[in-house]
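Colleague:
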Amino acid sequence: MVDAPTHWTQFDRLYNLSDPRPYFRGVATGDYRMPGVLAAILARLMPILADRRETVDVPRLIDFACGYGAVGACLRTGSTMADLYRIYQADAPSAGDAATFSAHRKGDLPEHWIDGVDIADVALHYAQSIGALDGAYACNVLTDEIPSGLRDAVLRADMIYESGAIGDHIAGAMDALLTICAGKNKPWLLLCPRPRVSVTAIEQALAHHDYRLETLVEKVRYRRAFSESEMAEEVAAGLRHGLSEQECAIDGYFRVDIRIGFPNGDSIDRAKAALKGFRSDQY
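Counting from 830, one number per residue, gives the positions in the sequence shown under my numbering.
And the structure:
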């Protein structure tokens, strides 16, 4: 357990446990909000993804660097991260978590499929056990040979999303996944680069695949800085990438602008319309 974290690197040993409570209790101290925000966005985009498909199959999502499956858990139960924090604050055995999430599962959510990708195999197993994922692949797409199952999942995906945890690896990871597609499939990408991440590097990586990057939701509170020094470090990195201080932080929270990556020639007008008036602070 990280009772009073001062920097995100202190969570490295908590990412792959059989019981996720130490991780969630730690990030709760910073009011980490991105999975709930992403889930709310995905719920609005699901009908658009379904219409974009050229087959009768359900929309297929890839939760990249999914960890314990917080995005899927929020999406499928209608929960916010505050709701998840209340669940994981209780001193209950993790074996009962599947029943807890099953009892809260929404019945009116459109059918869909979520494949999770992460290097943390134990966390992946947990996420699948609580119903946050349908498929799971323990793989480092930057260094490992891509398993055939993951290749198939990428080639069928409608949306690949990440909640900011992979940091500087976003550009390389998305390049690797789009290389698998090789133009045979053109999934949309939902990305949450923190200020310390170079958006230019992501844009350049996507351009190699004839993709572009646009802002979909602005001024999202990612989480509070764990310390003044962590905030100073994040802002300094953002300034090096050409951001202003106002583009790096909001009221003590890291600021994130959620971006959508999509093929040149695609229209995202419906996606923008679906998110008109979206208030990320509600999640």
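A virtual CB, placed ideally from N, CA and C, is assigned to each residue, including glycine. Keep in mind the model is a prediction, meaning the values are calculated, not measured.
Going along the chain, which residues of its own chain have a beta-carbon closer than 6 Å to the beta-carbon of V970, five neighbours each way excluded?
Modeller: Closer than 6 Å at the Cβ level, and outside the excluded window around V970, lie A1002 and A1005.
Colleague: Here's the rule: buried if 16 or more other CB atoms are within 10 angstroms of the residue's CB, otherwise exposed. What is T906?
Modeller: It is buried - the Cβ of T906 has at least 16 other Cβ atoms within 10 Å.
Colleague: Within 10 Å of its beta-carbon, does E1057 have 16 or more other beta-carbons around it, so buried, or fewer, so exposed?
Modeller: Answer is exposed; the Cβ neighbour count stays below 16.
Colleague: Quick check on the burial criterion: 16 or more other C-beta atoms within 10 angstroms. Buried or exposed for P864?
Modeller: The residue is buried, with at least 16 neighbouring Cβ atoms inside 10 Å.
Colleague: Do you know whose CA, among L874, C1010 and L1019, lies nearest I999's CA?
Modeller: Comparing Cα positions, the closest option is L1019.
Colleague: Under a Cβ-count criterion, where at least 16 other Cβ atoms within 10 Å of its own Cβ denotes burial, should Q918 be classed as buried or exposed?
Modeller: Q918 should be labelled exposed.
Colleague: R1069: buried (16+ other C-beta within 10 angstroms of its C-beta) or exposed?
Modeller: Exposed, since its Cβ has fewer than 16 Cβ neighbours within 10 Å.
Colleague: Within the segment 982–1030, note down every full beta strand (DSSP E) run reaching 3 residues or more, in order along the chain.
Modeller: Within the segment 982–1030, the complete beta strand (DSSP E) runs of at least 3 residues are 988–990 and 1017–1020.
Colleague: Could you say if the segment 1040–1052 and the segment 1009–1026 meet the contact criterion of at least three C-beta pairs nearer than 8 Å?
Modeller: In short, these stretches touch, since the Cβ pair count reaches three.
Colleague: Would you report the Cα separation of A1130 and A928, rounded to the nearest angstrom?
Modeller: As shown, the chain starts at 830 and ends at 1112. That puts residue 1130 outside it, with no answer to give.
Colleague: For the alpha helix (DSSP H) containing R854, list its first residue and its last residue.
Modeller: From DSSP, the alpha helix (DSSP H) with R854 extends over R850 to A857.
Colleague: With respect to the beta strand (DSSP E) encompassing E1047, which residues constitute its N-terminal and C-terminal limits?
Modeller: Y1040 to R1053 is the extent of the beta strand (DSSP E) around E1047.
Colleague: Alpha carbon to alpha carbon, how far is L890 from D950?
Modeller: Their backbone Cα atoms lie some 19 Å apart in a straight line.
Colleague: Reducing DSSP to helix, strand and coil, say where R1088 ends up.
Modeller: If DSSP states are grouped into helix, strand and coil, R1088 belongs with the strands.
Colleague: From this set, L846, D848, R850 and G855, which residue's C-alpha is nearest T838's C-alpha?
Modeller: Selected option, being the one with the closest Cα: G855.
Colleague: According to the Cβ coordinates, are R862 and Y1112 closer than 8 Å?
Modeller: Against a cut-off of 8 Å, the Cβ pair of Y1112 and R862 comes out as a contact.
Colleague: In chain order, which beta strand (DSSP E) runs of at least 3 residues are fully inside the segment 883–917?
Modeller: If we require 3 residues or more, the beta strand (DSSP E) runs fully inside the segment 883–917 come out as 889–893.
Colleague: On a Cα-Cα basis, can you pick out the residue from L878, A911, E1074 and G960 that is closest to D1095?
Modeller: Here the closest residue by C-alpha is L878.
Colleague: With distances taken between CB atoms, is the gap from F1083 to H836 smaller than 8 Å?
Modeller: Going by C-beta atoms, F1083 is not nearer than 8 Å to H836.
Colleague: Could you pull the start and end residues of the beta strand (DSSP E) that D947 belongs to?
Modeller: From DSSP, the beta strand (DSSP E) with D947 extends over W942 to D947.
Colleague: By the 10 Å Cβ neighbour count, where 16 or more other Cβ atoms means buried, how is S1073 classified, buried or exposed?
Modeller: With fewer than 16 Cβ atoms within 10 Å of its Cβ, S1073 is classed as exposed.
Colleague: Where does A1100 sit, in a helix, a strand or coil, going by DSSP?
Modeller: Here A1100 sits in helix by DSSP.
Colleague: Tell me the rounded alpha-carbon separation between L1007 and G1081.
Modeller: Roughly 35 Å between the two C-alpha positions.
Colleague: Taking C-beta to C-beta, are A956 and C895 nearer than 8 Å?
Modeller: Result yes, Cβ atoms of A956 and C895 sit closer than 8 Å.
Colleague: Give me the Cβ distance between S923 and D848, rounded to the nearest whole Å; I'm assuming they're in contact under 8 Å.
Modeller: About 4 Å separates the two Cβ atoms, so the contact holds.
Colleague: Give me the DSSP bridge partner(s) of I1079.
Modeller: Per DSSP, Y1082.
Colleague: Given a cut-off of 8 Å on the beta-carbon distance, is the pair L843 and L871 in contact?
Modeller: For L843 and L871, no; Cβs fall outside 8 Å.
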